[in-house]
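So the sequence lines, in the order shown, correspond to chains A and B. Just so you know, we're using the UniProt record's numbering here: the first sequence kicks off at 1 and counts up by one. Just so you know, we're using the UniProt record's numbering here: the second sequence kicks off at 1 and counts up by one. The beta carbon of each residue, even a glycine, is placed where N, CA and C say it ideally should be. Please read these numbers as outputs of a predicted model, since none were measured by experiment. Here is the structure we will look at, set down as structure tokens.
There are 2 protein chains.
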Amino acid sequence: MSIPVPPWQQRAARERSARRPLSLDLIVRTALELLETDGLDAVSMRKVAQRLGTGAASLYAYVNNKDELHELMLDLVIGEISVPDPDPANWRQQIKDLINRQVEVLAAHPGIARVVLRTPAPTGPNALAVTEAMLSILRAAGLPDRAVAFAVDILALFATAAAMELSADFGLTDEQRDERISQVEQYFASLPEDRFPTLVSMLPVLSQGDYRERFDFGLDLLLNGLAAWKP
Amino acid sequence: MSIPVPPWQQRAARERSARRPLSLDLIVRTALELLETDGLDAVSMRKVAQRLGTGAASLYAYVNNKDELHELMLDLVIGEISVPDPDPANWRQQIKDLINRQVEVLAAHPGIARVVLRTPAPTGPNALAVTEAMLSILRAAGLPDRAVAFAVDILALFATAAAMELSADFGLTDEQRDERISQVEQYFASLPEDRFPTLVSMLPVLSQGDYRERFDFGLDLLLNGLAAWKP
DNA sequence: ACCTGAACACCGTTCAAGT
DNA sequence: ACCTGAACACCGTTCAAGT
Numbered sequence: 001m002s003i004p005v006p007p008w009q010q011r012a013a014r015e016r017s018a019r020r021p022l023s024l025d026l027i028v029r030t031a032l033e034l035l036e037t038d039g040l041d042a043v044s045m046r047k048v049a050q051r052l053g054t055g056a057a058s059l060y061a062y063v064n065n066k067d068e069l070h071e072l073m074l075d076l077v078i079g080e081i082s083v084p085d086p087d088p089a090n091w092r093q094q095i096k097d098l099i100n101r102q103v104e105v106l107a108a109h110p111g112i113a114r115v116v117l118r119t120p121a122p123t124g125p126n127a128l129a130v131t132e133a134m135l136s137i138l139r140a141a142g143l144p145d146r147a148v149a150f151a152v153d154i155l156a157l158f159a160t161a162a163a164m165e166l167s168a169d170f171g172l173t174d175e176q177r178d179e180r181i182s183q184v185e186q187y188f189a190s191l192p193e194d195r196f197p198t199l200v201s202m203l204p205v206l207s208q209g210d211y212r213e214r215f216d217f218g219l220d221l222l223l224n225g226l227a228a229w230k231p
Numbered sequence: 001m002s003i004p005v006p007p008w009q010q011r012a013a014r015e016r017s018a019r020r021p022l023s024l025d026l027i028v029r030t031a032l033e034l035l036e037t038d039g040l041d042a043v044s045m046r047k048v049a050q051r052l053g054t055g056a057a058s059l060y061a062y063v064n065n066k067d068e069l070h071e072l073m074l075d076l077v078i079g080e081i082s083v084p085d086p087d088p089a090n091w092r093q094q095i096k097d098l099i100n101r102q103v104e105v106l107a108a109h110p111g112i113a114r115v116v117l118r119t120p121a122p123t124g125p126n127a128l129a130v131t132e133a134m135l136s137i138l139r140a141a142g143l144p145d146r147a148v149a150f151a152v153d154i155l156a157l158f159a160t161a162a163a164m165e166l167s168a169d170f171g172l173t174d175e176q177r178d179e180r181i182s183q184v185e186q187y188f189a190s191l192p193e194d195r196f197p198t199l200v201s202m203l204p205v206l207s208q209g210d211y212r213e214r215f216d217f218g219l220d221l222l223l224n225g226l227a228a229w230k231p
């Protein structure tokens, strides 16, 4: 049995760090909280430190710089993707599920996709596991090695770009989003027909289909193209 | 005939702005100089203003905020893409050329591709011209309208993501780049075979092929997929 | 060894005050 | 009307000084 600390002895700002001492794990998880609610731009060394009741300088004992912190966050996010065992009869659906899930978890952490495009190759353990899964699914499907290697690259690029687009309007209220959409629509409707004849004539089709349909369309193009590589 | 200004009357920092007064055009072109040499992160309101011999506050008479300046820059960059008249027999090559050129000009202005992913739709006059061209080429090729509309979206996304990847290592010296590559290679060579069997066994293939081959592979997947939509 | 306050060199944007 | 210095509220990172 321990006697409780009197409230006037608790320094509010230090409470958390007094109970839970700093650690890499704590830092990254605190940063992820910030990411989910406020987006990547809000994940600054200073704001993360503030949440932990300390100063930004303290984080540098665990992390070399902000980019490294962002990369650690990314791998934890990628860790939310669960990977299946290859089922050759189902390779298309397996790849589709993996890519869709990847877009989903990236978009759920607004801005983190930027980190993917900044990093040369997936080096975190979770990113490696996803890459391993994609490679083995495509290989089990009977595609030539070269197509497998290139396809994994292209599919990852595609998923990342889609996630970036999805989180582009993060931070706007629903009203702001609606206003933006109607502004864009008005703008396009006002374009001169003689300079942009095809665009103007296609306006109804161009505004058709939400993100899902467009993304699925693109993914199917890629997968159809890939299937054609089967010997 | 005008008498030259004596050197001691020229205030160096103000020289440019004294001769050429501020204008939106001058601001955007100055920003583009900075972009080409130093990358998007260096294009700050303060640095652009400094180049013009003034303070950041002065730019706000011509531009609402930094994002708007970045968008104006983007459209000038897109303007470097020249658009062809549709040639139905050659639609595949025309699209390939357009997309390759787009990646080229975006990558030549390191970081500007980020602005594309941030903007909801292409609204600048030059971006509209490129969109009009892509739409008309695909339509003239005989693709259904819906496929045309979706394809333009997907192709633009693909080109933008590729350009982002290409400018990812901007700012590094050749030595730093080489060191990074060899570090990544060493890391991958050290991975445990039991956890990443496919990855490890495919290492030689994975490091095969440069950016061009991978990008062409992906573009061909998309175009093959598209061609299949022809009725 | 671990932590941190203060400092340095940057940001975007606003606004009162100048011409 | 056009321009701007100074201020405000932020950054990432370093480093000497503390325990």
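Nearest neighbour of Leu22/B by Cα position, chosen from Asp216/B, Val103/B, Tyr62/B and Met45/B, turns out to be Tyr62/B.
The continuous alpha helix (DSSP H) containing Asn224/B extends over residues Tyr211 to Ala227. Contact annotation: Met164/A and Ala127/A have beta-carbon atoms that are not nearer than 8 Å.
In the pairwise beta carbon analysis, the segment 151-164 of chain B is classified as touching the segment 160-177 of chain A: at least three pairs are separated by under 8 Å. In this structure, the alpha-carbon of Leu221/B lies about 33 Å from that of Leu35/B. When DSSP states are grouped into helix, strand and coil, His109/B belongs to the coil group. Look at Ser58/A here: in three-state DSSP terms it is helix.
Residue contact check for Gly39/A against chain B: no CB pair falls below 8 Å.
Ile81/B is positioned such that its CB atom lies closer than 8 Å to that of Leu98/B.
Taking a cut-off of 8 Å on C-beta distances, the segment 84-103 of chain A touches the segment 210-225 of chain A, as three or more cross pairs fall below it. Using a Cβ distance threshold of 8 Å, Ile154/A and Ile95/A do not count as a contacting pair. Residues of chain A with a Cβ closer than 7 Å to the Cβ of Asp145/B are, in chain order, Met202 and Val205. Following the DSSP letters along the chain, one finds Asp67/A inside the alpha helix (DSSP H) bounded by residues Lys66 to Ile78.
If you check the CB distance, Gln186/A and Arg146/B do not come in under 8 Å. Taking the CA atoms as reference points, Pro88/B sits about 9 Å from Arg139/B. Taking a Cβ-Cβ threshold of 8 Å, the residues of chain B close to Glu165/A are Leu117 and Leu157, in chain order. The beta carbon of Glu132/A falls within 8 Å of a beta carbon belonging to chain B, placing the residue at that interface. According to the DSSP assignment, Ile137/B belongs to the alpha helix (DSSP H) that extends over Pro125 to Ala140. Apart from the 5 residues on each side of it in sequence, Arg51/B sits with its Cβ closer than 7 Å to the Cβ of Thr30 and Leu34 in its chain, given in chain order.
At least 8 Å separates the beta-carbon of Ala149/B from that of Leu117/A.
Not a single C-beta of chain A is nearer than 8 Å to the C-beta of Asn90/B. The Cβ atoms of Leu74/B and Gly124/B lie closer than 8 Å to each other.
Under the Cβ criterion of 8 Å, Phe217/B is counted among the residues facing chain A. Within the same chain, Cβ atoms closer than 7 Å to the Cβ of Ser58/B are found at Leu22 and Ala49, the five residues on either side in sequence being excluded.
Between Glu71/A and Thr131/A, the gap from beta carbon to beta carbon reaches 8 Å or more. Among the residues of the segment 174-189 of chain B, those with a Cβ less than 9 Å away from any Cβ of chain A are Arg180, Ile181, Val184, Tyr187 and Phe188, in the order of the chain.
The shortest C-alpha to C-alpha distance from Glu68/A to any of Asn90/A, Val43/A, Gly171/A and Trp91/A is the one to Val43/A. Contact between Ala151/A and Val83/A does not hold, since the beta-carbon distance rounds to 16 Å and is not under 8 Å. Taken through DSSP and simplified to helix, strand or coil, Phe150/B comes out as helix.
Cβ atoms of Pro144/B and Trp229/B come within 8 Å of each other, at about 6 Å.
For Phe188/A against Leu203/A, the beta-carbon gap comes to about 6 Å, under 8 Å, which counts as contact. Chain-ordered, the chain B residues with CB closer than 7 Å to the CB of Asn224/A read Gly225 and Ala228. Counting the other CB atoms within 10 Å of its CB gives Leu199/B a total of 16 or more, which places it among the buried residues. In terms of beta-carbon proximity, Gly209/B lines the interface with chain A, with at least one pair separated by less than 8 Å. Contacts between Asp153/B and chain A, judged by CB atoms closer than 7 Å, involve Arg214 in chain order.
Nearest C-alpha to Ala108/A among Ala156/A, Ile27/A and Leu32/A: Leu32/A.
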